[in-house]
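The listed protein sequences derive, respectively, from chains A and B.
According to this note's numbering, the first sequence is numbered sequentially starting from 30.
According to this note's numbering, the second sequence is numbered sequentially starting from 30.
Think of the CB as a built atom: it goes at the ideal place given N, C-alpha and C, for glycine as much as any other residue.
Below is one structure, written out as structure tokens; the observations come after it.
Number of protein chains: 2
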Amino acid sequence: MMSQQNIEEISIVLVGAGNLATNLGKALCRKGVRPIQVYSRTEESAQTLADVIGASYTTRTDQIRKDADLYIVALKDDALPALIPPLTEGRGDALWVHTAGSVPMQVWQGHAARYGVFYPMQTFSKRREVDFGNIPLFVESNSESDLALLKTLAAALTTQVHEADSEQRKSLHLAAVFTCNFTNHMYAVAEQLLQKYHLPFEAMLPLIDETARKVHELSPRLAQTGPAVRYDEQVMAGHLAMLADEPEWQQLYRQLSESIHHLTS
Amino acid sequence: MMSQQNIEEISIVLVGAGNLATNLGKALCRKGVRPIQVYSRTEESAQTLADVIGASYTTRTDQIRKDADLYIVALKDDALPALIPPLTEGRGDALWVHTAGSVPMQVWQGHAARYGVFYPMQTFSKRREVDFGNIPLFVESNSESDLALLKTLAAALTTQVHEADSEQRKSLHLAAVFTCNFTNHMYAVAEQLLQKYHLPFEAMLPLIDETARKVHELSPRLAQTGPAVRYDEQVMAGHLAMLADEPEWQQLYRQLSESIHHLTS
């Protein structure tokens with residue numbers, strides 16, 4: 030067990046080389062915590078990340094090193110359960126954590142003695158490096174001493190370290206899907222519409238920024254503006270008519286407007 | 030007609046005292062362009078705005094001054110057509126503009142000789158003062174000289190002055206409903222969900238900010254992350270189960286996830 034003084038000495042294996050693993054690996058590296066090995070099923074992803082952070086890599090679970098202190102598993106949630114047995118086999122003494130919002134900590138039970146969760150709530154893309162400094166990071170473990178270790182590691186990355194049990198984490202993840210993925214889809218639909226009318230998406234950026242800034246001060250419910258909250262039927266009818274060629278977006282427009290009206294009236 | 034040199038001398042009447050009129054009135058004032066009068070059907074709104082910007086006010090259309098150079102009409106879109114005849118009567122020589130994204134310029138035809146549109150594309154709330162400096166402002170007029178005047182006035186407020194005809198403006202407004210109003214509703218749903226689980230909405234702010242920042246660099250379509258784009262059916266099923274008590278949001282979750290999947294796959 031590592032003390033709080035020497036997290037640089039923890040040897041870490043990163044299992045996964047996707048968006049989250051890439052950003053986490055780089056952020057750890059910047060803090061002097063260098064993962065020793067990267068595993069990914071996809072050789073290109075494994076090699077790319079390993080090269081950047083100065084680690085070795087493998088595409089075979091049986092070649093994952095057995096001497097690490099901590100295994101951070103950042104895989105697609107669907108893929109995780111099937112991989113747990115081959116991953117943990119012969120590595121049962123180490124600390125195992127996953128990074129998924131919606132996977133309960135108990136997924137490790139029966140496969141590892143020491144386990145937990147290390148969930149940074151943020152949207153990660155390989156093409157964009159994220160500053161971890163103020164990302165909320167939620168940790169959980171089946172032992173107090175490992176929880177302390179995970180908190181220390183998290184605190185090296187961000188000022189926002191919180192404990193959250195699996196139920197709370199699942200709720201956070203659901204809320205995050207609305208605030209991030211669904212929000213980004215609203216941007217994406219706008220981008221498609223503007224392309225159709227030969228207008229640049231960039232025109233939307235000041236509006237996007239203000240919409241985000243505004244909810245730092247006002248509750249989103251009070252911050253709402255636009256035709257749906259005013260129940261401006263003529264404007265809404267005009268917009269629905271413009272979406273006649275896009276029944277899916279027309280349906281979204283109708284349902285979102287109704288939902289805004291329900292919540293704000 | 031005012032030349033480009035002395036916009037401070039234009040006498041302006043603000044028709045409306047809502048979110049947009051309030052922010053626009055204050056912004057004009059800060060630039061030394063002080064509206065002389067505010068009209069609103071609601072006395073409290075009229076008086077509040079008039080006091081802040083040092084103008085007189087009225088709640089009666091027949092008492093709106095007849096000697097202004099420019100009338101800026103910032104009313105709910107639904108209310109505009111019915112008010113145009115009493116507003117313009119006896120004031121037909123002045124320049125009339127409205128501020129609505131979805132109302133065509135031709136709404137003025139037959140009521141005023143000189144008219145146009147002055148559309149700042151932003152989300153305005155009375156409780157939050159907005160910096161106009163980088164807000165895209167779209168102008169249109171039926172005469173070249175009035176278009177020049179509106180551009181000069183707009184340029185006093187923001188660096189982002191564009192001409193847009195009524196069709197383009199309507200498209201911009203539709204896209205703005207997606208990027209702003211529907212996005213804000215995603216924040217609002219998240220807030221409600223987190224309240225239910227006794228978790229603070231503030232935990233979402235770093236994610237909201239990064240989601241907005243990200244599309245300054247990446248196309249929203251490429252920026253997408255999360256269970257829907259990965260088509261992580263187990264996570265989506267878990268989230269849908271959590272929304273069982275909220276059929277409206279459950280339906281939104283399902284449709285938005287499908288729409289993400291269609292756009293990104």
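For residue i, the first and last residue of its enclosing alpha helix (DSSP H)
i	result
Trp278/B	276 to 293
Pro133/B	Per DSSP, Pro133/B belongs to no alpha helix (DSSP H) and is neither H nor E.
Ile41/A	Premise fails: Ile41/A lies in the beta strand (DSSP E), 41 to 44, not in any alpha helix (DSSP H).
Arg63/B	Arg63/B -> no alpha helix (DSSP H), and no H or E assigned at all.
Val218/B	212 to 225
Pro110/B	109 to 117
Pro298/A	Because chain A here runs from 30 to 294, residue 298/A falls outside it and cannot be looked at.
His202/A	195 to 205
Ser74/A	72 to 82
Same chain, Cβ closer than 7 angstroms to residue i, five either side skipped, listed in chain order
i	result
Val159/A	Asn52, Gln151, Phe153
Glu37/B	Gly61, Val62
Thr117/A	Trp125, His140, Ala141
Val81/B	Lys55
Val132/B	Asp106, Leu109
Asp194/A	Glu169
Ile289/B	Gln253, Ala257, Val258
Ile237/B	Tyr216
Gly162/A	Thr187, Thr188
Asp175/A	Leu124, Arg143, Gly145
Gly298/B	Outside the displayed span of chain B (30 to 294) sits residue 298/B, for which this structure offers no information.
Thr293/A	Arg250, Gln253, Val258
Leu104/A	Val44, Gly45, Leu112
Beta-carbon neighbours of residue i, restricted to chain A and to distances below 8 angstroms
i	result
Met134/B	Neighbours of Met134/B on chain A: none; closest Cβ ~15 angstroms, over 8 angstroms.
Gln280/B	Gln284
Partners in chain B for residue i, counting only beta-carbon separations shorter than 7 angstroms
i	result
Asn163/A	Pro235
Arg89/A	In chain order: nothing, as chain B lies at least about 23 angstroms away.
Gln197/A	Tyr226, Leu228
Where residue i meets chain B, residues with beta-carbon distance less than 9 angstroms
i	result
Ile289/A	Asn210, Phe211, Asn213, His214, Ala217
Leu104/A	Under the 9 angstroms cutoff, chain B gives no residues; its nearest Cβ is about 11 angstroms from Leu104/A.
Ala257/A	Val206, Asn210, Phe211, His214
Where residue i meets chain A, residues with beta-carbon distance less than 7 angstroms
i	result
Asn48/B	Thr254
Pro10/B	Residue numbering for chain B in the displayed model covers 30 to 294; residue 10/B lies beyond these limits and cannot be assessed.
Gln304/B	Since the first and last residues shown for chain B are 30 and 294, residue 304/B lies out of range.
Asp238/B	Ala241
Closer than 8 angstroms at the beta carbon, the chain B residues around residue i
i	result
His245/A	Leu234
Gly267/A	Ser131, Lys199
Val190/A	Chain B residues near Val190/A: none, gap ~12 angstroms exceeds 8 angstroms.
Residue i burial status per 10 Å Cβ neighbour count (16 or more: buried)
i	result
Glu239/A	buried
Thr71/B	exposed
Arg156/B	exposed
Arg259/A	buried
Ser69/A	buried
Arg198/B	buried
His291/A	exposed
Ala111/A	exposed
Gln224/A	exposed
Asn210/B	buried
Gly130/B	buried
Ala266/B	exposed
Cβ separation of residue i and residue j, assumed to be a contact under 8 angstroms, to the nearest whole Å
i	j	result
Val67/A	Leu78/A	5 angstroms
Met233/A	Thr208/B	5 angstroms
Ser248/A	Glu220/B	7 angstroms
Ser40/A	Asp98/A	5 angstroms
Pro235/A	Ile164/B	6 angstroms
Leu201/B	Leu179/A	Leu201/B to Leu179/A, Cβ: 47 angstroms. No contact.
Same chain only: Cβ atoms within 8 angstroms of residue i, ignoring 5 sequence neighbours per side
i	result
Leu166/A	Phe147, Tyr148, Pro149, Met150, Ala183, Leu186, Thr187, Gln189, Val190, His191
His268/B	Pro256, Tyr282
Asn213/B	Thr152
Gln279/A	Leu269, Leu272, Ala273
Ala204/A	none
Ser32/A	At Ser32/A, the pLDDT of 45 sits below 50, so the modelled position is not reliable and the matter cannot be decided from this model.
Own chain residues within Cβ distance below 6 angstroms of residue i, not counting five before or after
i	result
Tyr144/B	Trp125, Trp137, Asn171
Ser73/A	In the sequence as displayed, the identity of residue 73/A is Glu instead of Ser. No residues qualify anywhere along the chain.
Glu287/A	none
Cys58/A	Ile82
Ala84/B	Pro64, Ile65, Gln66, Val67
Val102/A	Val44, His127
Lys95/A	Gly119, Arg120
Tyr86/A	Val67, Ala75, Gln76, Ala79
Val264/B	Pro256
Terminal residues of the beta strand (DSSP E) in which residue i lies
i	result
Val264/B	First-last for Val264/B: 262 to 271, but that is the alpha helix (DSSP H), not the beta strand (DSSP E).
Gln191/A	The question names Gln, but residue 191/A in the sequence shown is His. Note, His191/A: beta strand (DSSP E), 190 to 192.
Ser85/B	85 to 87
Pro149/A	143 to 149
message: Please list, in chain order, the residues of the stretch 143 to 156 of chain A that have any C-beta partner in chain E closer than 7 angstroms.
response: Looking for chain E here will not work: the only protein chains present are A and B.
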